[in-house]
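Here the structure comes first, spelled out in structure tokens, and everything after it is commentary.
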Amino acid sequence: MMDASENSVVICGLPASGKTTFLAALWYIVFERRAADARLKFDSLKDADFSHLNAIMRRWQHAKEQIHTEITSAKIVSMNLKDDAGRRIRMTFPDLSGESFQQMWEDRECDPNLAELLRDGAGIVLFVHADKIKHPMGVAETTRQAAGLDGAAAGAGATKEWHPKDAPTSVQLVEMLQMMRCPALQVRARRLAVVLSAWDKVMEEESEITPDEYLARELPLLDQYLRNGDGNWTVRTYGLSAQGGDFERDGETDDEARNEKVAAIRLLDDASSRIRLTTPEPSHDLTEPIAWLTE
Amino acid sequence: MAETVEIQCSNPACKVRQDGRCVEGLDLDKCTHYGKPLVAEQSTKAAANDRHGIVLPSGDFLNPEEASSILRRGNSRVIAVVAPKEAGKTTLISSVFELFLRGPIGPLRFCGSRTMYAFERACHPSRGVSRNGVPETERTILTEVRFYHTAMRRPDMPRIDLLVADRGGEDYRAAADDASTVRGFVEIGRADTITFLVDGRQLVDPVTRNSVGSEILAIAQAVIDGGAVEGRPRAALVLTKLDDVRRSPDRERAERDFQRFDEKFRQIHGESFSEIRSFKVAACPSDDTLPLGHGVDVLLAYWEEASTIEAVEPALYVSSPTRYMQRLQGSGK
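If you're matching them up, the sequences are chains A and B in order.
If you want my numbering, it's the position in the first sequence, counting the first as 1, plus 2.
If you want my numbering, it's the position in the second sequence, counting the first as 1, plus 275.
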């Protein structure tokens, strides 16, 4: 039996927001002891099944995109870690499908197992793919953009019925956080780490912008809710580049431009240099958000 | 004879039979699903029937009882929006949410909403994703009043719960024919601000320009004479679809008509309201004539102001929804 304290952090986010990639990179940093100054360090391989972590880490090392996490193949993974004081911590992370969270918005219900994980979590990590934010766009704006592109008028063709999946990213995320505070869930976690993944794509365009500034500009509804809402969230915002660029996609090998980028990543001597966490100070320590959520 | 080994996996999401790869990225000898018979996938309908998820708040608009639970918190404003159908009620109400999606509205910050699902549905016809050529108004087909909720606050100030009532325009139009129907209009009796809409598109239409103002005046007369207006709430007179007005060659005449309507309203109904102010808005312009939500920020600031509604004797007849609304306010106002 372990004499470690048990802790769990729930990693949330809509589909394809970088949750599994983060876990893969985190396990690499921890297991390969790649960050000497990491706040949490590897302790042991005792009392847990590491097959899923090892599998996703291998794909990350090979610079291959993670396989989409199906709802049916969700996993709960654990890591035995220790902090600078030698305190041993068993961290548990559910590697959940983004659809599980999307269901909360679209179907207005939560899987009981997910509800239990959410209630037990000491902290929440909310992943947002910084390069795939769905913004609200009015008809006039759409028409203007369409005219600018090819002179075509918007609105051509059949009109489209409303579906909740069309909702902007910030609406779905705010509702997810509001639901965590509703009587049916009563999530006890107070700390929330908002992780903007694919941060390297942002930095290519704007090297000076901070994660907080980006959140306020690109997801203003979420930013206002986090700063002014009554969810009582204590928030830190991070920018995360966990891949360092484009990875190989299964079954897609004829994209020369992508292949060159993938090759460049594989040529790096130290795979950990792919990782960059902006706190806003640059860091390679992926354990920082986890350590903060559970301190 | 050699035995043929069939490739199978119990995970319905795995395509190892086709591509030889584990969907979870595991070596086949490590996968706990591999080699086991497929777990039959249920049909979508059967799966839906078998769902036993934890039911979460619907996010849809609120009935009077649900609205009352929010009002019990204290710092709230109830806004009634009065207009015949297609005057832009739902577009105006949802434009507040649409603007918060783009950032704070002046000094006001978004704190949350119990009706985000309803707001999203209401915003859809005005969004590009609807593939509408011009912004449409969601037809409000309601048999009774419903409320949209937004919580907001100024920096370092307490939050305010804003409840904006939406009712089918036919109800208000019918009130002009039979004022007794307004006794069930709970939103009017409780409103801090009653907002009357004048349809700008109808104001520039030669056929309707002479009737649009008089129709609103008649509805206002009905809600006052029918006893729905209690105390002396504030009134907002709002010219909607200002972008239609500005594009029209008759825009100056239309704005003069609105000015005349404003003067006549104050002359006829001024005594019934503690304050009357007029506004011009383009909640969802169909082109770049005006920015999205033009004028809505000024109207929202007016809605946000606390009213000082005067106490009145309780009415003899009190409908059930009215009792709900009054109970939360402490037996009427």
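Glycine residues also receive a C-beta, built at the ideal position from the N, C-alpha and C atoms.
DSSP-derived helix/strand/coil call for residue i
{"i": "A/C184", "result": "coil"}
{"i": "A/P114", "result": "helix"}
{"i": "A/L83", "result": "strand"}
{"i": "A/E220", "result": "helix"}
{"i": "B/P379", "result": "coil"}
{"i": "B/L331", "result": "coil"}
{"i": "A/S209", "result": "coil"}
{"i": "A/S199", "result": "strand"}
{"i": "B/P524", "result": "coil"}
{"i": "B/G349", "result": "coil"}
{"i": "B/F336", "result": "coil"}
{"i": "A/K77", "result": "strand"}
{"i": "A/R92", "result": "strand"}
{"i": "B/C284", "result": "strand"}
{"i": "A/V189", "result": "coil"}
{"i": "A/S285", "result": "strand"}
{"i": "A/S19", "result": "coil"}
{"i": "B/S318", "result": "Confidence at B/S318 is low in this model, with a pLDDT of 40, below 50, so its placement is unreliable and the value that follows should be read with caution. B/S318: coil per DSSP, three-state reduction."}
{"i": "A/N230", "result": "helix"}
{"i": "B/L514", "result": "strand"}
{"i": "B/R602", "result": "Per-residue confidence for B/R602 stands at a pLDDT of 46, beneath the threshold of 50, marking its modelled position as unreliable; the derived number appears in the next sentence. Helix."}
{"i": "A/F129", "result": "strand"}
{"i": "B/T366", "result": "helix"}
{"i": "A/G247", "result": "coil"}
{"i": "B/D355", "result": "Reading off the sequence, residue 355 of chain B comes out as Ala, not Asp. Strand."}
{"i": "A/G100", "result": "helix"}
{"i": "A/T161", "result": "coil"}
{"i": "A/E254", "result": "strand"}
{"i": "B/A323", "result": "Note that B/A323 has pLDDT 46, beneath the 50 cutoff, so the model's placement of it is unreliable and the number below is only indicative. It is helical."}
{"i": "A/I13", "result": "strand"}
{"i": "A/E34", "result": "coil"}
{"i": "B/T279", "result": "Model confidence at B/T279 stands at a pLDDT of 46, short of 50, so the residue's coordinates are unreliable; what they give is reported in the following sentence. In this structure, B/T279 counts as coil in the three-state DSSP scheme."}
Option nearest residue i by Cα separation, candidates the options
{"i": "A/S53", "options": "A/A37, A/K77, A/H64, A/A200", "result": "A/K77"}
{"i": "A/L223", "options": "A/L116, A/K134, A/V173", "result": "A/V173"}
{"i": "B/V487", "options": "B/F536, B/S547, B/L376", "result": "B/F536"}
{"i": "B/D562", "options": "A/G88, A/T144, A/T239", "result": "A/T144"}
{"i": "B/R552", "options": "B/T564, B/W578, B/A529", "result": "B/W578"}
{"i": "B/V357", "options": "B/T470, B/S582, B/A510, B/A393", "result": "B/T470"}
{"i": "B/F554", "options": "B/F548, B/D572, B/F375", "result": "B/D572"}
{"i": "B/D556", "options": "B/D453, B/F422, B/R521, B/P430", "result": "One detail in the question is off: residue 556 of chain B reads as Val in this sequence, not Asp. When only C-alpha atoms are compared, the closest one is B/R521."}
{"i": "B/R484", "options": "B/R531, B/S582, B/A510, B/F540", "result": "B/R531"}
{"i": "A/R268", "options": "A/A65, A/E208, A/K48, A/I69", "result": "A/A65"}
{"i": "B/P359", "options": "B/E341, B/G403, B/I282, B/Y447", "result": "B/Y447"}
{"i": "A/S99", "options": "A/G20, A/R92, A/E34", "result": "A/G20"}
{"i": "A/V204", "options": "A/R219, A/R190, A/R192", "result": "A/R219"}
{"i": "A/P166", "options": "B/A397, B/E340, B/G295", "result": "B/A397"}
{"i": "A/D51", "options": "A/T94, A/L42, A/T296, A/R36", "result": "A/T94"}
{"i": "A/T22", "options": "A/A160, A/V79, A/F44, A/K48", "result": "A/V79"}
{"i": "A/R90", "options": "A/L119, A/L120, A/K43, A/P96", "result": "A/K43"}
Integer-rounded CB distance, given that residue j should sit under 8 Å from residue i
{"i": "B/I499", "j": "B/H544", "result": "6 Å"}
{"i": "A/Q226", "j": "B/P332", "result": "About 20 Å; that fails the 8 Å criterion."}
{"i": "A/I135", "j": "A/L221", "result": "6 Å"}
{"i": "A/A18", "j": "A/H131", "result": "6 Å"}
{"i": "A/L116", "j": "A/S102", "result": "5 Å"}
{"i": "A/V11", "j": "A/A124", "result": "6 Å"}
{"i": "A/V197", "j": "A/L242", "result": "5 Å"}
{"i": "B/L565", "j": "B/L514", "result": "Not really, about 12 Å apart at Cβ, beyond 8 Å."}
{"i": "B/S370", "j": "B/C559", "result": "6 Å"}
{"i": "A/L194", "j": "A/V237", "result": "5 Å"}
{"i": "B/A393", "j": "B/G334", "result": "7 Å"}
Given 8 Å as the limit, is there contact between the stretch 20–32 of chain A and the stretch 49–65 of chain A, that is, 3 or more CB pairs closer than that?
yes
Beta strand (DSSP E) segments (min. 3 residues) lying fully within the stretch 526–591 of chain B:
550–555
Mind listing, in chain order, the continuous alpha helix (DSSP H) runs of no fewer than 4 residues lying wholly within the stretch 388–444 of chain B?
391–398
Write down every uninterrupted run of the beta strand (DSSP E) in the stretch 37–75 of chain A whose length is 3 residues or greater and which is fully enclosed by it, in chain order.
42–46
Quick one: complete beta strand (DSSP E) runs, 3+ long, within the stretch 434–509 of chain B?
435–441, 468–474
Given 8 Å, three or more beta-carbon pairs between the stretch 376–391 of chain B and the stretch 501–509 of chain B:
no
Pairs of beta-carbons, one from the stretch 472–482 of chain B and one from the stretch 356–365 of chain B, closer than 8 Å: are there three or more?
yes
How about the stretch 347–354 of chain B and the stretch 434–447 of chain B: do they share at least three Cβ pairs that are nearer than 8 Å?
yes
Is the stretch 99–118 of chain A touching the stretch 169–183 of chain A in the sense that three or more CB pairs, one from each, lie closer than 8 Å?
yes
Any contact between the stretch 238–255 of chain A and the stretch 274–282 of chain A? By contact I mean 3 or more CB pairs, one from each, below 8 Å.
yes
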